[in-house]
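Student: One structure, pasted below without further comment.
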Amino acid sequence: MRQPPAPKRVGRVRLPRRGAALSIICSVGLVMGSTAFAASQFTTQLADDFDTNREVVETGINQDTAAFDDGEMNILVLGSDAREDEEAEEQRSDTMMLVHVPESREEMYVMSIMRDLWVEVPDVGMSKINSAQTYGGYPLTIKTIEGLTGAEIDHLVVIDFDGFRDLTTALGGVEIDNDMAFSAGQVNPSYYPEGKIRLEGTDALRFVRERKAFIDGDYQRVKNQQKFLTGIATSVLDSATLTNPTKISGMVSAFTPYLTVDESLDAETLVNYGLSMNKLRPSAITSFTIPNSGTGTTPGGASVVWPDEESLAEMRTAMDEGTMAQFVEELESRLEEERTEGTGEPSEEAPLEEEPIIPEDAVL
5 MRQPPAPKRV GRVRLPRRGA ALSIICSVGL VMGSTAFAAS QFTTQLADDF DTNREVVETG
65 INQDTAAFDD GEMNILVLGS DAREDEEAEE QRSDTMMLVH VPESREEMYV MSIMRDLWVE
125 VPDVGMSKIN SAQTYGGYPL TIKTIEGLTG AEIDHLVVID FDGFRDLTTA LGGVEIDNDM
185 AFSAGQVNPS YYPEGKIRLE GTDALRFVRE RKAFIDGDYQ RVKNQQKFLT GIATSVLDSA
245 TLTNPTKISG MVSAFTPYLT VDESLDAETL VNYGLSMNKL RPSAITSFTI PNSGTGTTPG
305 GASVVWPDEE SLAEMRTAMD EGTMAQFVEE LESRLEEERT EGTGEPSEEA PLEEEPIIPE
365 DAVL
């Protein structure tokens, strides 16, 4: 097979090492499944609100087996950039995260997936991972990520970013530590100073969406989204929230209409998950980015992120064997070493030894 010219590439991209990022859907489950609320009439009302207001879609997920039947649970969380007049197949996933809970249910791993990651999309060929949504909707997106990670997806959660506006208002704002000062929005722009800031309403929505303000674009946006979800989880699981029925009710009512989930993810299931994970603590929640080998350009001119196949294979083994903590520690150590040596940030002067072979049927 004739090989196209080798694409340009740069050094490995290093993203945040560790944090307590918790997906909103798991936070809701932990709240509704907590000992204080599980048997109460209040929780029953929350469950009714959740089941009534959520949107359910077909995903192709195997409904014959329940999460944890194979010892673990995997939830695919997508941030939607949908427009009102678009069908699921016409959209691209703006944000992608895989939430992995091992058999012990005392740990959680939240893996961010770069939307430009260059992967094999089943029945399509090589393409950016977020294009799977365009070619085959949620079922193809799930198959693609299962192929990448080796994980069997148990549930799908799609979050419309507009929901963050109302959720942060219901929580009274979310505090985060902002890496750098920037502005977002063309009309009446929001300004975010460096350091500790409090996000609420439209300011929160712009914060998680913005990428054009940064030199490294989508990479900094992923960092900001991880920080934001950490702030959300901290606020949701704060004792002042958990002991305030009005605040919890407002949170669930504000956010649920912006959730799209698979057929089997209802309030009863969430409560059961919350109860089974009642030993999970924020300190046992780890966030990291799916291993990659840096950015580059395809022969067709598309900017992409190359997957780190060796590290991905190690990650798959760690998920199977329940050794994710060791894997993340070793991954962080390698990234820190590369950063120290000057190859941990995007750089034209830091090529890797081997160039990937791009098939002729690649979708560019």
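Numbering (the working numbering), first residue to last: 5 to 368. Glycine included, C-beta positions come from ideal geometry on N, C-alpha and C.
#1: For F186, which residues does DSSP report across the bridge?
#2: Report all residues from its chain with a CB closer than 6 Å to the CB of L263; omit the five preceding and five following residues, and keep chain order.
#3: Quick one, which of N282, T56, L144 and E340 has its alpha-carbon nearest I157's?
#4: What separation, rounded to the nearest whole angstrom, lies between the Cα atoms of V162 and E62?
#5: Considering Cα atoms alone, identify which of E334, V256 and D74 is closest to T48.
#6: Just the Cα atoms here: how many angstroms apart are S239 and L175?
#7: Applying the 10 Å Cβ sphere with the 16-neighbour rule, what's the burial state of R285?
#8: Just grab the DSSP bridge partners of P311 for me.
#9: Roughly how many angstroms lie between the CA atoms of E333 and N192, to the nearest whole one?
#10: List the residues that DSSP assigns as beta-bridge partners of S291.
#11: Between A25 and the rest of its own chain, which residues show a CB-CB distance below 6 Å, the 5 nearest in sequence each way excluded?
#12: Whose C-beta lies closer than 6 Å to the C-beta of R109 among residues of the same chain, with five residues either side of it excluded?
#13: In three-state DSSP terms, what is T69?
#14: As a quick exercise: from A51, S307 and S337, pick the residue whose alpha carbon is nearest that of D222.
#15: Enumerated in chain order, which unbroken segments of the beta strand (DSSP E) with a length of 3 residues or greater are wholly contained in the region 235-277?
#16: Would you report the Cα separation of D270 and L102, rounded to the nearest angstrom?
#17: In terms of residues, what are the limits of the alpha helix (DSSP H) holding I149?
#18: Does G205 come out as helix, strand or coil in the three-state DSSP assignment?
#19: Using C-beta distances below 8 Å, list every residue in its chain close to Q330, excluding the 5 sequence neighbours before and after it, in chain order.
#20: Quick one: what does DSSP say I157 is sitting in, helix, strand or coil?
#21: If you check the beta carbons only, do M118 and V275 fall under 8 Å apart?
#22: Around the C-beta of S337, are 16 or more other C-beta atoms found within 10 angstroms, so that it is buried, or is it exposed?
#23: What is the DSSP secondary structure of M179, counted as helix, strand or coil?
#24: For T302, does the three-state DSSP call read helix, strand or coil?
Tutor: So, from the data block:
#1: Y196
#2: R58
#3: L144
#4: 12 Å
#5: V256
#6: 7 Å
#7: exposed
#8: N296
#9: 43 Å
#10: V114
#11: Note that A25 has pLDDT 34, beneath the 50 cutoff, so the model's placement of it is unreliable and the number below is only indicative. So the list reads V114, Q230, L233, T234 and S291, once near-sequence residues are dropped.
#12: S280 and M281
#13: coil
#14: S307
#15: 263-265
#16: 19 Å
#17: A136 to T153
#18: coil
#19: A322
#20: coil
#21: no
#22: exposed
#23: First, the amino acid is wrong: residue 179 is Glu here, not Met. Reduced to three states, the DSSP call for E179 is strand.
#24: coil
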